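Chemist: According to this note's numbering, the stretch in the sequence shown is residues 642 to 731, in order. Glycine included, every Cβ here is placed at the ideal spot set by N, Cα and C. All values derive from a computational prediction rather than experimental measurement.
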Amino acid sequence: MTSWLRAIFDFVYEMFFGCNHGHLTRPFTLQASSYKVCLDCGRHFPYSLDKMRILHPWEIAKQPLVGPIPISVESGLTERTEYSRTKAVA
642 MTSWLRAIFD FVYEMFFGCN HGHLTRPFTL QASSYKVCLD CGRHFPYSLD KMRILHPWEI
702 AKQPLVGPIP ISVESGLTER TEYSRTKAVA
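(1) Once the 5 residues before and after L680 are set aside, which same chain residues still bring their CB inside 8 angstroms of it?
(2) Could you tell me the distance, in whole angstroms, from the CA atom of F669 to the CA atom of K692?
(3) In three-state terms, what does DSSP make of P709?
(4) Give the straight-line distance between the Cα atoms of P687 and Q672, rounded to the nearest whole angstrom.
(5) Strictly by DSSP, which residues pair up with F650?
This is how it looks when you write it as structure tokens:
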């Protein structure tokens with residue numbers, strides 16, 4: 642199968658038989674971004690600590706940016722930061 646046919650097949654398969662995100666973690670907060678993670682597929686969902694629920698994409702666009710990193714819909718984080726081994730990160 643060519644790569645574009647495979648991509649179309651994967652997209653249609655994911656639409657009909659994909660993950661329903663039924664197993665989510667508790668909320669995590671890193672660098673002023675809170676999110677939950679699907680334990681089945683690994684997708685990140687932005688989470689509001691004020692509303693105590695997962696945010697919809699249109700709600701994320703309305704939020705003011707907190708801290709130096711903007712909130713991303715897909716992962717909750719936009720850049721990787723190296724941490725010092727001597728500092729505790731909670």
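Modeler: Reading it off the structure:
(1) Your numbering for residue 680 matches position 39 in the sequence shown. Correct list, in chain order: H664, L665 and T666.
(2) The residue labelled residue 669 in the question sits at position 28 within the sequence shown. The residue labelled residue 692 in the question sits at position 51 within the sequence shown. Roughly 15 angstroms separates the two Cα atoms.
(3) Along the sequence shown, read from residue 1 onward, the residue named residue 709 stands at position 68. The predicted model places P709 with a pLDDT of 49, which falls under 50 and marks its position as unreliable; any figure quoted below should be read in that light. Three-state DSSP puts P709 in coil, outside helix and strand.
(4) Counting from 1 along the sequence shown, the entry for residue 687 is found at position 46. Counting from 1 along the sequence shown, the entry for residue 672 is found at position 31. Using only the alpha carbons, I get a separation of about 13 angstroms.
(5) Within the sequence shown, the letter at position 9 stands for residue 650. Note: F650 sits in no beta bridge, so no partner.
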